[in-house]
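Sequential numbering from 1 applies to the sequence shown in full-length UniProt numbering.
Structure, as structure tokens:
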Amino acid sequence: MSFDVTYAMAQFAIGRHTFDSLARERARDALIDCMGCMLAGSREALAGPLLATLPAFDAFHAQTPSLLVGTSRYASPSDAALYNGTIAHALDFDDTNHPAYAHPSAVLVSTMLALAPLVDINGRDVIDAYIVGFECFGKLGRALNKQHYKRGWHTTGTFGALAAVASAGRLLGLSEAQMVMAFGIAASSASGLRANFGSMTKPLHAGQAARNGVLAALLARSGFTASEHSLEHERGFLAVFNDGIGFDAKPLCEMGIVPEILTEHGLALKPYAACGATHPGIEAAEQLHRILEGRAIRSVRVGVCDMAFSPLIHVMPDSALEAKFSLHFCVAVALLYGDVRLSTFSDANVNDPRIRALIPNVTMELDDRWKDDNEFATEVSVETEDGARLTRFVPLAQGKPARWFSPERLRGKFNDCASRAASQDALDPLWDVLRQIDSEQRFSAVVHALKNLPLHA
């Protein structure tokens, strides 16, 4: 192709930028949100096998300088990126981006934490690197989606490797030539299959993307080589991940002109710890619960867009992880109990007899009125045993740019998540340093606050 995507992305990654104040505020809020998710994820079952497998140590030293969040242990930068990225996405409570249909912050924040001991950077540097990585996520989504995602690729892993290396290369101060090599190395490590949704391997994709980005940037800094045209080559990233079908290079020519973090489909915080495609349906069902007033439910119709069928691959879940990708489960819980919380997604609730009895009466159908919607607009219609029909429609989930979290809502979610790992009374110092991150304050202050959290046993 005529447009040299690899060089263009490299130039954008290391270039000088002046990002809008709202973009910086959104990036800060996303970083705070992700830190909370990371601490909560450190108490999930998948953390055990990771800690048992990765070479990790109880004391800092030169070979293992990077903190494993929610523990007092350290690992190499690449292993720390793997661990922290995985736990950040463990609960599926971390943010999303819809051109990419991915989870940017789990990848980007773990990348930056992993490199913190290697570079002397301030909070403004971190926010810049975050926005650069986020831009890569979004523009790759515009170039390759929806087909890339529908084919079965998990874009958190595929786009994430390139987004992570963009952030990592910027923080490490790579030259343009080194950044080109770093993109080439990362492109060969990109992967992630949606068949693994509802298992521990789904969040591992975020950790792998972060690790691969960190490793690629460090290798490139040391002189490791790759193709100069790894993205646009006929056998490169863009062609291979699109089955050789033509792709739209235009978004990749416009990096940073309209930052993805500010678009209407850009950064979205999550109000529920489940796949984002369930969120409008959950909210609609919660509204219906309040007017059902305990009436018996005969049937439920859930009208969704075409894209909802791609991630929502489970109907009757067998585990809490599968429940996060079952719209049937999520709507049933919300209709019966009216309040979907972090604690809703447990193996005990998956086996709740009332929920399991209602799920077969829930039908998920394509609704032609919004079949091409990108925001998972959902209508939930309930028919009661006494013949009444009640309907609620939610076009846009809470946490989207047009329905952004208030500071109080963000703090509440942060506390709910982080208090799984540490006493709520001890969270103020970490909250304070995160709220002030877009400043000359050294990023090491964030790592220091994490390291000094009094953790639950």
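A virtual CB, placed ideally from N, CA and C, is assigned to each residue, including glycine.
Going by beta carbon distance, what residues of the same chain come within less than 6 Å of residue i, once the five residues before and after it are set aside?
i           : result
residue 282 : 272, 330, 334 and 340
residue 142 : 99 and 251
residue 79  : 54
residue 189 : 161 and 212
Tell me the residue span of the alpha helix (DSSP H) that contains residue i.
i           : result
residue 325 : No alpha helix (DSSP H) contains residue 325, which DSSP labels as neither H nor E.
residue 522 : With the chain represented from 1 up to 457, any question about residue 522 goes unanswered, as that position is not in the structure.
residue 414 : 407-418
residue 237 : 237-240
residue 269 : Unbroken run through residue 269: none, as it is neither H nor E.
residue 155 : 155-172
residue 311 : It is not in any alpha helix (DSSP H) - residue 311 carries neither H nor E in the DSSP assignment.
residue 136 : 123-144
residue 404 : Counting along the chain, residue 404 falls outside any alpha helix (DSSP H), and DSSP gives it neither H nor E.
residue 29  : 21-41
residue 256 : No alpha helix (DSSP H) holds residue 256; DSSP gives it neither H nor E.
residue 110 : 104-115
residue 202 : 201-221
Starting from the C-beta of residue i, find all residues in its chain whose C-beta is less than 7 Å away, skip the five residues before and the five after it, and write them out in chain order.
i           : result
residue 152 : 193, 194 and 195
residue 165 : 182, 183, 186, 213, 216 and 217
residue 323 : 317, 329, 345 and 350
residue 444 : 116
residue 450 : 67, 69 and 430
residue 366 : 304 and 306
Would you kindly report the start and end of the unbroken beta strand (DSSP E) that includes residue i?
i           : result
residue 381 : 378-384
residue 3   : Neither: residue 3 is in no beta strand (DSSP E) and is coded neither H nor E.
residue 303 : 297-304
residue 366 : 362-366
residue 391 : 389-394
Look at residue i and residue j and say whether their C-beta atoms are less than 8 Å apart.
i           : j           : result
residue 144 : residue 212 : no
residue 361 : residue 257 : no
residue 327 : residue 32  : no
residue 255 : residue 171 : no
residue 157 : residue 418 : no
residue 262 : residue 22  : yes
residue 181 : residue 224 : yes
residue 167 : residue 132 : yes
residue 14  : residue 174 : yes
residue 206 : residue 344 : no
residue 288 : residue 392 : yes
residue 269 : residue 134 : no
residue 416 : residue 342 : yes
residue 27  : residue 127 : yes
residue 56  : residue 75  : yes
residue 30  : residue 267 : yes
residue 352 : residue 319 : no
residue 163 : residue 108 : yes
residue 336 : residue 325 : no
Please determine, among the options, the residue with the shortest C-alpha to C-alpha distance to residue i.
i           : options               : result
residue 314 : 169, 26, 363 and 257  : 363
residue 220 : 176, 245 and 119      : 176
residue 218 : 123, 122, 309 and 115 : 115
residue 81  : 102, 106 and 63       : 106
residue 441 : 101, 38, 122 and 284  : 122
residue 259 : 332, 320, 130 and 369 : 130
residue 425 : 79, 453 and 60        : 453
residue 383 : 294, 102, 342 and 457 : 294
residue 59  : 47, 73 and 50         : 73
residue 43  : 400, 84, 348 and 336  : 84
residue 18  : 5, 77, 124 and 96     : 124
residue 285 : 373, 394 and 8        : 394
residue 201 : 239, 236, 279 and 154 : 154
residue 359 : 347, 299, 311 and 279 : 299
residue 368 : 336, 308 and 6        : 308
residue 438 : 25, 388 and 5         : 25
residue 147 : 240, 65, 61 and 109   : 240
residue 169 : 237, 149, 9 and 279   : 9
residue 11  : 372, 253 and 325      : 253
residue 432 : 238, 414 and 421      : 414
residue 47  : 280, 421, 16 and 6    : 421
Can you list, in chain order, the residues of its chain with a C-beta nearer than 8 Å to that of residue i? Leave out the 5 residues immediately preceding and following it.
i           : result
residue 2   : Only weak support is given to the placement of residue 2: the predicted model assigns it a pLDDT of 49, under 50, and the question is left unresolved by the model.
residue 402 : 264 and 396
residue 291 : 390
residue 447 : 67, 113, 116 and 117
residue 49  : 200
residue 423 : 454 and 456
residue 237 : 162, 187, 190, 230 and 231
Is there at least one non-hydrogen atom of the ligand PLP closer than 7 Å to the beta-carbon of residue i?
i           : result
residue 340 : Absent from the structure shown: the ligand PLP. Ligands present: none.
Pair every Cβ in the region 300-308 with every Cβ in the region 369-387, then say whether three or more of these pairs are closer than 8 Å.
yes
At least 3 beta-carbon pairs within less than 8 Å: the region 87-104 vs the region 265-279
yes
Mind the definition here: the region 119-139 touches the region 224-237 only if three or more C-beta pairs lie below 8 Å; say whether that holds.
no
Does the region 38-53 come into contact with the region 61-69, if we say contact requires no fewer than three beta-carbon pairs (one atom in each stretch) closer than 8 Å?
yes
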